[in-house]
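Residue numbers (UniProt numbering): 1 to 313.
All residues carry an ideal CB built from backbone N, CA and C; glycine is no exception.
Shown next, in structure tokens, is the structure this report addresses.
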Amino acid sequence: MSVPLPRARRAAAARPPALLSARAGVGFLLPALAFIALFLLVPFAWIVAVSFTNQSLLGANAQGQFVGLSNYARMFDAATWLPGGFGYSLIVTAIFSLGSLAGQVTLGLTLALLFHGQRGPWREVVFTLVTLCWILPEVPVAFGWLSFLDRDFGLLNVLLRALHLGSPDWTLDHPLAAIILFNIWRGTAFSMLLFSAALASIPPSYLEVAAVSGAGPWRRFWDITLPSIRPQLLSALVLISLWTFNTFGPYLITAGGPLNKTDIVAIHTYRVAFRFGDWGLGTAIAMFTMLLNLLLTAVYLLAARRREPRAGA
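This is the structure in structure tokens:
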């Protein structure tokens, strides 16, 4: 008479044998862990250490000495906070990020809604062109935009002159608007693809029943479409904000000028660390930027957790 095995042993017996041992699995992970440690953890630890020193690129402080929180205090020094300081850079970055975020989300959602449920060459052509704007290398794209924004021969001003709207020098008269347009054009593909996938997951019967019940397009969007894509909308808002806050691409258009009007945080950090050679202050700014990114990510994770259904609900 056979004795029945305990439930845990029966589950272990029914489980298929492992293809690799634990040691073999760790061996396969070691190259990736070494890569992460060498190119992420070590530079991060170096940046943290340098942010507490007065190290400079050249000169007497090239070796650097420990100065504690002096660099962080310099960031918020009232005498250099505005204009041209870190505070001014934060204001410029906030305007740039909000403008880019509004444009990318609005344009991406509009394109996704226009082509939702459609098939044919027009949809494929539009989606391909918008995606190309996103995946093409940034340097040639930036040079193309410099030609597009040229005051005398740029296509944008040619169109504006044809409409009798003048021909401004975008990089001098409206530099912040120029880099916002550039960033919207480049990053719209992400929100478009994200919202297209979200719209495809909505059961068509929901919209059909609402249409039969007499709901108009706006009411269907507000009551059915928007609540259904709200998680993707939250993801788009956070990810686009993070990418925009840390992008360095506008440097290729305006180099932070004129008169620091486009001196976003990434450009400001580069200017302080490499143009002025103040590595201590530059790394301190980088650390503060990282903390802002972590705070934004924490807000996103908290909001996403609150939207998760509770067990037994």
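Please report the distance separating the alpha-carbon of M192 from that of I184. The residue labelled residue 192 in the question sits at position 192 within the sequence shown. The residue labelled residue 184 in the question sits at position 184 within the sequence shown. Computed Cα separation, rounded: 12 Å.
For the putative contact between F96 and H268, defined by C-beta atoms under 8 Å, what is the C-beta separation to the nearest angstrom? Stepping through the sequence shown from its first residue, residue 96 is reached at position 96. Stepping through the sequence shown from its first residue, residue 268 is reached at position 268. Actually they are not in contact, since the Cβ atoms of F96 and H268 sit about 12 Å apart, beyond 8 Å.
Find the nearest neighbour of F288 within the set T128, M75, P31, judged by alpha-carbon distance. Position 288 of the sequence shown, counting from 1, holds the residue named residue 288. Among T128, M75, P31, the Cα nearest to that of F288 is on M75.
Between which two residues does the alpha helix (DSSP H) carrying Q55 extend? Here residue 55 refers to the residue found at position 55 of the sequence shown. Run containing Q55: none; DSSP gives neither H nor E here.
Which residue's Cα is closest to the Cα of T283: N54, F35, P258, F28? Counting from one through the sequence shown, the residue named residue 283 turns up at place 283. The shortest Cα separation from T283 among N54, F35, P258, F28 belongs to N54.
Simplified DSSP state of D223, which is helix, strand or coil: In the sequence shown, the residue the question calls residue 223 occupies position 223. Note: D223 maps to helix in three-state DSSP.
Can you check whether the CB of S196 is closer than 9 Å to the CB of L101? The count along the sequence shown starts at 1 and reaches residue 101 at position 101. The count along the sequence shown starts at 1 and reaches residue 196 at position 196. No, the Cβ-Cβ distance between L101 and S196 is not below 9 Å.
Reduced DSSP category for D77 - H, G, I as helix; E, B as strand; rest coil: The residue you call residue 77 lines up with position 77 of the sequence shown. D77: coil per DSSP, three-state reduction.
What whole-angstrom Cβ distance do T262 and L149 have, given they're in contact under 8 Å? Walking along the sequence shown from the start, residue 262 turns up at place 262. Walking along the sequence shown from the start, residue 149 turns up at place 149. Not quite, the Cβ-Cβ distance comes to about 13 Å (not below 8 Å), so this is no contact.
Given V299, which residues of its chain have a CB within under 7 Å of its CB, disregarding the five upstream and five downstream residues? Translated into positions along the sequence shown, residue 299 becomes position 299. Cβ within range, chain order: n/a, list empty.
Assess, as a yes-or-no matter, whether the region 248–255 is touched by the region 132–149 under the definition of 3 or more beta carbon pairs within less than 8 Å. yes
Decide if V125 is buried, meaning its Cβ has at least 16 other Cβ atoms within 10 Å, or exposed. As a first step, residue 125 is located in the sequence shown; it is residue number 125 there, counting from the start. The residue in question, V125, is exposed, as its Cβ has fewer than 16 Cβ neighbours within 10 Å.
How do the region 117–135 and the region 228–244 stand: do at least 3 beta-carbon pairs fall below 8 Å, yes or no? no
DSSP state of D152 mapped onto helix, strand, coil: Taking the first residue of the sequence shown as position 1, residue 152 is located at position 152. Correct three-state label for D152: coil.
Which of helix, strand or coil DSSP assigns to D173: Translated into positions along the sequence shown, residue 173 becomes position 173. Helix.
Quick check on the DSSP output: the alpha helix (DSSP H) that includes residue 369 runs from which residue to which? Outside the shown range of the chain (1 to 313) lies residue 369, about which nothing can therefore be said.
F127 by DSSP, collapsed to three states: which one? Here residue 127 refers to the residue found at position 127 when the sequence shown is read from its first residue. If DSSP states are grouped into helix, strand and coil, F127 belongs with the helices.
Work out the CA separation of L181 and T225 for me, nearest whole Å. Against the sequence shown, residue 225 aligns to sequence position 225. Against the sequence shown, residue 181 aligns to sequence position 181. Distance between the alpha carbons of T225 and L181: 27 Å.
Indicate whether the contact test is met: 3 or more Cβ pairs, each with one atom in the region 150–169 and one in the region 79–94, closer than 8 Å. no
For W222, count the other beta carbons within 10 Å of its own beta carbon; 16 or more makes it buried, fewer makes it exposed. Which is it? Locating residue 222 in the sequence shown gives position 222, where the first residue counts as 1. That one is exposed.
Please tell me whether L111 and V141 are closer than 9 Å, where the distance is taken between their beta carbons. In the sequence shown, counting from the first residue as 1, residue 111 sits at position 111. In the sequence shown, counting from the first residue as 1, residue 141 sits at position 141. For L111 and V141, no; Cβs fall outside 9 Å.
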